[in-house]
Amino acid sequence: MLRRFFNSWPQILRHGIAGQTVFLGLMVFFIPAHRLVGQVYTERIICIADRPFYLTGENIRFAVFVVGQSSEKKPDFSNVSKIAYIELMDSTGVAVMQTSLLLDEGEGNGELLLPHRLTSGNYYLRAYTRWMRNFGTDAYAQAPLTVVNPFRNLGLQRNLNGQKSIMTSKGPDFFQVQEDMITGLHDSYERRAAVEVQLRSGVGNSDGSRWIISVSRYEPFFNQLAMPLGVGSTNVIDTQTFIPDYLPEMQGMLVTARARYAETGSSADPALFYLSAPGKTPLFFTGQSNRHGYVHFETNHIYGQRQWILQAITDEAMKLEPIQLFCQLKSSFKSTPFLIDSTWSDLILEFSRNMQVKNAYAAHSRINKAQEFYDSIPFYGTPDHRYILDEYTRFPVMEEVLREYVPSVIVRKRRDEFYFRLTDYVDKGFFKESPLMMVDGVPVGSANQIMDINPLRIRRIDVVNRRYFLGNADFSGILSLWSYEGDLAGVKLDANVLQIDVPGNQPSPLYHWPDYTMPAENSVPDLRNTLYWDCGEWKNETETLHFFTGDQKGMYKLSVWHVMSNGSVKYMEDFFVVR
Numbered sequence: 004m005l006r007r008f009f010n011s012w013p014q015i016l017r018h019g020i021a022g023q024t025v026f027l028g029l030m031v032f033f034i035p036a037h038r039l040v041g042q043v044y045t046e047r048i049i050c051i052a053d054r055p056f057y058l059t060g061e062n063i064r065f066a067v068f069v070v071g072q073s074s075e076k077k078p079d080f081s082n083v084s085k086i087a088y089i090e091l092m093d094s095t096g097v098a099v100m101q102t103s104l105l106l107d108e109g110e111g112n113g114e115l116l117l118p119h120r121l122t123s124g125n126y127y128l129r130a131y132t133r134w135m136r137n138f139g140t141d142a143y144a145q146a147p148l149t150v151v152n153p154f155r156n157l158g159l160q161r162n163l164n165g166q167k168s169i170m171t172s173k174g175p176d177f178f179q180v181q182e183d184m185i186t187g188l189h190d191s192y193e194r195r196a197a198v199e200v201q202l203r204s205g206v207g208n209s210d211g212s213r214w215i216i217s218v219s220r221y222e223p224f225f226n227q228l229a230m231p232l233g234v235g236s237t238n239v240i241d242t243q244t245f246i247p248d249y250l251p252e253m254q255g256m257l258v259t260a261r262a263r264y265a266e267t268g269s270s271a272d273p274a275l276f277y278l279s280a281p282g283k284t285p286l287f288f289t290g291q292s293n294r295h296g297y298v299h300f301e302t303n304h305i306y307g308q309r310q311w312i313l314q315a316i317t318d319e320a321m322k323l324e325p326i327q328l329f330c331q332l333k334s335s336f337k338s339t340p341f342l343i344d345s346t347w348s349d350l351i352l353e354f355s356r357n358m359q360v361k362n363a364y365a366a367h368s369r370i371n372k373a374q375e376f377y378d379s380i381p382f383y384g385t386p387d388h389r390y391i392l393d394e395y396t397r398f399p400v401m402e403e404v405l406r407e408y409v410p411s412v413i414v415r416k417r418r419d420e421f422y423f424r425l426t427d428y429v430d431k432g433f434f435k436e437s438p439l440m441m442v443d444g445v446p447v448g449s450a451n452q453i454m455d456i457n458p459l460r461i462r463r464i465d466v467v468n469r470r471y472f473l474g475n476a477d478f479s480g481i482l483s484l485w486s487y488e489g490d491l492a493g494v495k496l497d498a499n500v501l502q503i504d505v506p507g508n509q510p511s512p513l514y515h516w517p518d519y520t521m522p523a524e525n526s527v528p529d530l531r532n533t534l535y536w537d538c539g540e541w542k543n544e545t546e547t548l549h550f551f552t553g554d555q556k557g558m559y560k561l562s563v564w565h566v567m568s569n570g571s572v573k574y575m576e577d578f579f580v581v582r
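Here the numbering used here is used: the first residue of the sequence shown is 4, the next is one more, and so on.
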C-alpha cells in the first residue's frame, strides 16, 4: 500500500545550489505520509462567511480552517494539507465561482467578488482539500448564503404563506453558543464613532484557537437566513485496504496531467515533463510520469491566473490532458427554493445604493500580500555568467552574439543543426550533452530555435556552467535567454506542448478599515454594509476589538466565531444601533 502511495511522487527531489549537488529525497515528507496511509487520518474543514446576505457587486469574505487528526494524536490545525479549494455553488450544485487558498497552519482567508452575471438565488460555499476528495462530497464544508442581483427584474410578490427564503443551518452538533464572549458593547453609537469591545475566549491563552469577527448590517428578515457556516469531515474506516486516489498537497498545489501516445491512445511510458509559466516572474517545475501516464508537479506559492506550458520531453507524439484541480462532482447538499417578496424591496434598494457608493469611493481598500511571495530570481538562482546585451555592440544574428560574447557556451553545427556545449566549472572540462535551453523561463527543444531569435529582442543571457538537478531532471548546465517583453521573443513551441490555465492561489487579503481619528479618512462617504471583518489567533484569554461605525444608520450585528484546535466552534452574537 505504501509503495503505491509513494510511486505517485517523484522518486527523488534534487536541487543544485552553488555548484554542489544537494539531494533532498523523500525524507522531506516520509513521516507525515506514513501517518496518512498507515494509520487513521482524518480532516475536518470549517468554512465561515462574513454574513448570510449579499448583493452582486459585493465581496463574500470567508475564512477556512482545516483540522487534522491521526490515531496517535489529538486533533489540531493541520500541517498536512496546504491548499484549500472554495467554490460558490448555485442551487443546482453547479460551481459558478472557484478559488483556492494557501493554508498557513491550517488557516486561510479570502474573498469572492460577486459578478453581475449571477442571478438572484440561494447559493452555498463549498470548501475542501485535495485529500478530502478521496471520501466523497459529503466530507466537504457547505455554508449557505443568499445572493440578490438588484440590476435584474426580481418579480417581487408578497410571500403570503410565510415560507422561509433560504436553507436553514445545521443543528448545534458542530457549534455551541457562548453567552459571555462579548463584553463592553453599547446599545447604540453615533455615526463614525469608535467602538471598543472585549472578546473572551474562555479557554485561556494556550489553546492556539482562532477567532473570526464580522460586523455587518442586520435587518429582522435576516433571522430567516441560515448561519453562513459549514463543516465537513473525512473518516477512514479500514486503513488496511484504503488507497487514496488523490494525494495530499503537503508542500503546495499539485498540478496533474495525463500523457497518452497520440497514435494509440495508450498511457505513455515513464518520461520527463516540464511545467513552466513565462513572464517577468517565471516559474519552472519538472515531473516524471508513472506507469499509468500520470505526472504530478508539486508547485509552491503560485498566485493568480496564469498561462502555463506543459511539455513532454520525448520524440513520440503525445496527447496531454490536464486533470481538473477542482472537484467535478455535485454535492448532495440541497437548497430550498428561493423566495423573495415585496417587503424586501426598500432594503434591497438601500443595500444596492450603499454597495455602489462604497465601490465608487473605496471607503476601505484591500491590500494583497501576493507580492511578498513572488520571487523575480529564476529557479537556478544567481548564474555563473550574466550578459546584459545592451552593454555590448549589438549583432543582428544570434550566432554572432553567442560566439563573440558568451565564451562559456560552445557553438557547434552538424549539417544544418546547431548544438551547444557548456564548459563545466566543477570538472574543468566540457559537458558532453546539451544544456537546458530556455527563453523567458520556458524550455525550448533545439538550439536552432535559439539561433532563429532576433537578438535585438533579447535583454540578457544567463549561463549556469555546472550540473544542475531539479526534481527528476539532470541538466548539463543551463542557457537561459530573457526577452524585453517576456513574450518568448517569438519562439514557436514544439508539438508536444499544451498551454493550460492554472488558477493559482488567491493572495490572502489585508484590509484597511476607516480610522476617523485620521483627518484624511473623513473626506469620502462611508456606506459600508460590512463595518469590520478579521481573523486571528487567540493570544490572550481576552482580546480587545476596535472599529468605527459608518454613515449608514440602522441595526448592526457583531458575530464572533471561536474555532478551537479540536475542530469545534463556539459562536456569539450581539447587536447595536447606529443613530
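For every residue, glycine included, the Cβ atom is placed at its ideal position computed from N, Cα and C.
Small disclaimer: the values here were computed from a predicted structure and weren't measured.
_Tell me whether the stretch 242-260 and the stretch 300-316 touch, counting them as touching only if at least three CB pairs, one residue from each stretch, are closer than 8 Å._
For the pair of segments examined, the stretch 242-260 was found to touch the stretch 300-316: the number of CB pairs separated by less than 8 Å reaches three.
*Touching or not, the stretch 273-283 and the stretch 434-448, by the rule of three or more beta carbon pairs under 8 Å?*
Contact between the stretch 273-283 and the stretch 434-448 is established, with three or more Cβ pairs separated by less than 8 Å.
*asked:* Going residue by residue through the stretch 371-426, where are the continuous alpha helix (DSSP H) segments of at least 4 residues, counting only ones entirely within it?
replied: Complete alpha helix (DSSP H) runs here, min 4: 373-376, 401-408.
*asked:* Once the 5 residues before and after LEU332 are set aside, which same chain residues still bring their CB inside 6 Å of it?
replied: As a working note, residue 332 is residue 329 in the sequence shown. The residues are THR140.
_Just to confirm before moving on: does the CB-CB distance between PHE65 and LEU105 stay below 8 Å?_
By one-based count along the sequence shown, residue 65 stands at place 62. By one-based count along the sequence shown, residue 105 stands at place 102. Result no, Cβ atoms of PHE65 and LEU105 do not sit closer than 8 Å.
_DSSP three-state label for LEU39, please._
The count along the sequence shown starts at 1 and reaches residue 39 at position 36. Unreliable positioning characterises LEU39 in this predicted model, as indicated by a pLDDT of 47, which lies under 50. The coordinate reading is nonetheless provided below. Three-state result, LEU39: helix.
*How long is the line joining the alpha carbons of THR237 and ILE89, rounded to whole angstroms?*
Within the sequence shown, residue 237 is the residue found at index 234, counting from 1. Within the sequence shown, residue 89 is the residue found at index 86, counting from 1. Taken atom to atom, the span from the alpha-carbon of THR237 to that of ILE89 is near 17 Å.
*DSSP three-state call for ARG261: helix, strand or coil?*
Looking up residue 261 in the sequence shown gives position 258. For ARG261, the secondary structure class from DSSP, reduced to helix, strand or coil, is strand.
*Classify THR547 as buried or exposed, calling it buried when 16 or more other Cβ atoms lie within 10 Å of its own Cβ.*
Along the sequence shown, one-based indexing puts residue 547 at 544. Its Cβ having fewer than 16 others within 10 Å, THR547 is exposed.
*ARG582: buried (16+ other C-beta within 10 angstroms of its C-beta) or exposed?*
In the sequence shown, counting from the first residue as 1, residue 582 sits at position 579. Counting Cβ neighbours within 10 Å, ARG582 comes out exposed, since fewer than 16 surround it.
*What span of residues does the alpha helix (DSSP H) with LEU202 cover, start to end?*
Within the sequence shown, numbered from 1, the residue matching residue 202 stands at position 199. Membership of LEU202 in any alpha helix (DSSP H) is not indicated; the residue belongs instead to the beta strand (DSSP E) covering 197-203.
*For ALA476, which residues from the same chain have a beta carbon less than 7 Å from its beta carbon, with the 5 sequence-adjacent residues on both sides left out?*
Taking the sequence shown and counting its residues from 1, one reaches residue 476 at position 473. The beta carbon of ALA476 lies closer than 7 Å to those of LEU275, THR289 in the same chain, with the five residues before and after it left out.
*Using 10 angstroms around the beta-carbon of LEU163, count the other beta-carbons present and answer buried if the total reaches 16, otherwise exposed.*
If you number the sequence shown from 1, residue 163 lands on position 160. Residue placement at LEU163 is flagged as unreliable, the pLDDT there being 48, under the threshold of 50; a coordinate-derived value is accordingly withheld.
*Where does ALA52 land, buried or exposed, given buried means 16+ other C-beta within 10 angstroms?*
As a first step, residue 52 must be located in the sequence shown, where it is residue number 49. Answer is buried; the Cβ neighbour count reaches 16.
_Of the listed residues ARG462, HIS515, ASN357, ASN457, nearest to GLY493 (C-alpha basis)_ = Numbered from its first residue, the sequence shown carries residue 493 at position 490. Nearest to GLY493 by alpha-carbon distance, out of ARG462, HIS515, ASN357, ASN457, is ASN457.
*asked:* Could you compute how far the alpha carbon of PRO231 sits from the alpha carbon of CYS330?
replied: Along the sequence shown, one-based indexing puts residue 231 at 228. Along the sequence shown, one-based indexing puts residue 330 at 327. For the pair PRO231 and CYS330, the Cα-to-Cα distance works out to about 22 Å.
*Using DSSP bridges, identify the partner residues of LYS85.*
Position 82 of the sequence shown, counting from 1, holds the residue named residue 85. Beta-bridge partners assigned by DSSP to LYS85: none are found.
*Since VAL400 and LEU392 are thought to touch, with beta carbons under 8 Å apart, how far apart are those beta carbons, to the nearest angstrom?*
Walking along the sequence shown from the start, residue 400 turns up at place 397. Walking along the sequence shown from the start, residue 392 turns up at place 389. Not confirmed; about 13 Å, so no contact.
*Is VAL97 buried or exposed, if buried means 16 or more other CB atoms sit within 10 Å of its CB?*
Stepping through the sequence shown from its first residue, residue 97 is reached at position 94. Burial call: exposed.
_Residue range of the unbroken alpha helix (DSSP H) whose run includes PHE354_ = Counting from one through the sequence shown, the residue named residue 354 turns up at place 351. Counting along the chain, PHE354 sits inside the alpha helix (DSSP H) bounded by residues 348-364.
*Could you pull the start and end residues of the beta strand (DSSP E) that ILE49 belongs to?*
The residue given as residue 49 occupies position 46 in the sequence shown. First-last of the beta strand (DSSP E) with ILE49: 44-52.
_Tell me which residue opens and which closes the beta strand (DSSP E) that GLN72 is part of._
The residue given as residue 72 occupies position 69 in the sequence shown. Element bounds for GLN72: 62-73.
_Taking contact to mean 3 or more Cβ pairs, one atom from each stretch, closer than 8 Å, check whether the stretch 383-391 and the stretch 460-470 are in contact._
By the criterion of at least three beta-carbon pairs nearer than 8 Å, the stretch 383-391 is in contact with the stretch 460-470.
*Where does MET321 fall in DSSP's three states?*
Sequence index remark: in the sequence shown, residue 321 carries index 318 (1-based). Strand at MET321.
*Taking the alpha-carbon positions, what's the TRP564 to ARG470 distance?*
Translated into positions along the sequence shown, residue 564 becomes position 561. Translated into positions along the sequence shown, residue 470 becomes position 467. One C-alpha to the other measures close to 53 Å.
*Helix or strand or just coil, what does DSSP make of PRO522?*
The residue given as residue 522 occupies position 519 in the sequence shown. For PRO522, the three-state secondary structure derived from DSSP is helix.
*Exposure label - GLY539; buried when at least 16 CB within 10 Å*: One-based indexing of the sequence shown puts residue 539 at position 536. GLY539 should be labelled exposed.
*asked:* Just to confirm, is the Cβ distance from ILE63 to GLY570 under 8 Å?
replied: Locating residue 63 in the sequence shown gives position 60, where the first residue counts as 1. Locating residue 570 in the sequence shown gives position 567, where the first residue counts as 1. No; because the gap between Cβ atoms is not below 8 Å, this pair is not in contact.
*Could you check which residue in MET135, ALA197, ARG309, SER217 has the C-alpha nearest to that of ASP577?*
As a first step, residue 577 must be located in the sequence shown, where it is residue number 574. Taking only the C-alpha atoms, the option nearest ASP577 is SER217.
_THR122 and PHE56 closer than 8 Å at C-beta_ = Your numbering for residue 122 matches position 119 in the sequence shown. Your numbering for residue 56 matches position 53 in the sequence shown. By the CB criterion at 8 Å, THR122 and PHE56 fall outside the cutoff.
_I believe ARG195 touches GLY553 by the beta-carbon criterion, under 8 Å. Please report the beta-carbon distance rounded to the nearest angstrom._
Taking the sequence shown and counting its residues from 1, one reaches residue 195 at position 192. Taking the sequence shown and counting its residues from 1, one reaches residue 553 at position 550. Cβ-Cβ separation between ARG195 and GLY553: approximately 7 Å, consistent with a contact (criterion under 8 Å).
*Should PRO285 go down as buried or exposed, given a rule of 16 or more other Cβ atoms within 10 Å for buried?*
Numbered from 1 along the sequence shown, position 282 holds the residue referred to as residue 285. Buried, by the Cβ-count rule.
_Could you tell me the alpha carbon to alpha carbon distance between LYS435 and GLN145, rounded to whole angstroms?_
Within the sequence shown, numbered from 1, the residue matching residue 435 stands at position 432. Within the sequence shown, numbered from 1, the residue matching residue 145 stands at position 142. Cα to Cα, the separation comes out at about 57 Å.
*asked:* Tell me the residue span of the alpha helix (DSSP H) that contains GLN509.
replied: Within the sequence shown, the letter at position 506 stands for residue 509. In the DSSP assignment, GLN509 falls outside any alpha helix (DSSP H) and carries neither an H nor an E.
*Quick one, which of LEU501, TYR126, GLU199 has its alpha-carbon nearest PRO340's?*
For the purposes of this step, residue 340 is taken as residue 337 along the sequence shown, with counting starting at 1. Comparing Cα positions, the closest option is TYR126.
*How would you call PRO175, buried or exposed, if buried means at least 16 neighbouring beta carbons within 10 angstroms?*
Indexing the sequence shown from 1 puts residue 175 at position 172. Its pLDDT being 37, under 50, PRO175 is placed unreliably by the model, and the measurement read from it follows with that caveat. Looking at its Cβ environment, which holds fewer than 16 other Cβ atoms inside 10 Å, PRO175 is exposed.
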